[in-house]
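What follows is one structure encoded as structure tokens, with my remarks underneath.
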Amino acid sequence: MINRKDEFLEIMKSKLQGRRFIHSLNVAAAAKKLAKRYGADVEKAYICGLLHDIMKNSPYAEQYEYMMQFSDIPEVVIEINKLWHAPAGAAFVRDVLGIDDPEMISAIKYHTTGKANMTLLEKVIYIADFISEEREYPGVDEVRKAAFEDIDKAVLIGTRFTLEELLDQNREINQDTIDAYNEVCRKFNY
Ligand SMILES: [Fe+2]
Ligand SMILES: [Fe+2]
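Structure follows, in structure tokens:
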């Protein structure tokens, strides 16, 4: 997989450019660090981090088409086009780039919403996206700190952050995000 790193870098550069390309590099770097910290597969983490937003600049019609290669896309995701790039990217890396590792595909598919029972690699990508170097949002330092102390704590903070934002804006909430939140919540006995 790592021998395809240069190929993937070129694809990302052509598909995203500018700040989104920088974001991809930063998420890849953060994912690598987290993988080292927790003993996840470092190469898989780097590649997933690099590729996670691969469809982000693609027209919605194209994103929709790739997303619908999955038969289990929740209604809430179909209704919110900002969420399409995650499952669309997962289908793209599987069907176009030929990545056949189910865990990598799943890590990309759920990088925005999270889900219950995330594997370590899925958590690494979910959190790497929150803490990538260029991110500046209130509370980012808290997530960065938690990310290297206990990744589940970071998942708790990250999902809570997403849920609060959605509630504040009167937006629909994806069940997968609630499931991810509940699972880590239970762990910390809140
Ligand atoms: Fe994304
Ligand atoms: Fe991202």
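Remember, our numbering sits 270 above the position in the sequence shown when you count from 1. Positions of the beta carbon are idealized from the N, C-alpha and C atoms, including for glycine.
Closer than 8 Å: residue i CB and nearest ligand 2 heavy atom
i	result
V410	no
S376	no
S328	no
S402	yes
Check: residue i C-beta below 8 Å from any heavy atom of ligand 1
i	result
A299	no
D365	no
C-beta contact flag for residue i and residue j at 9 Å
i	j	result
I281	C318	no
L321	L367	yes
K385	D449	yes
G428	F400	yes
L390	A310	yes
N296	E404	yes
A315	K302	yes
V394	L286	no
Q339	D365	yes
Range covered by the alpha helix (DSSP H) that runs through residue i
i	result
V346	345–349
Q445	445–457
F400	390–401
F431	421–438
D371	Premise fails: D371 is in no alpha helix (DSSP H) and is neither H nor E.
E335	330–337
D342	Here D342 belongs to no alpha helix (DSSP H), and DSSP marks it neither H nor E.
K306	288–308
D365	355–365
E313	312–321
Cα-Cα separation, residue i to residue j
i	j	result
P408	Y451	20 Å
I324	L279	11 Å
D342	A416	32 Å
M388	G288	31 Å
A398	F431	15 Å
A298	Q445	27 Å
D276	K283	10 Å
I292	F458	34 Å
R456	L433	16 Å
E349	I375	22 Å
H355	M337	8 Å
R290	H381	15 Å
Q333	P344	15 Å
D438	Y308	33 Å
T383	P357	10 Å
V504	E419	Look at the range of the chain in this structure, 271 to 460, and you will see that residue 504 is not part of it.
Hey, which residues come within less than 7 Å of ligand 1, measuring from Cβ to any heavy atom, in chain order? H322, D323, K326, H355, A356, H381, T382, D399
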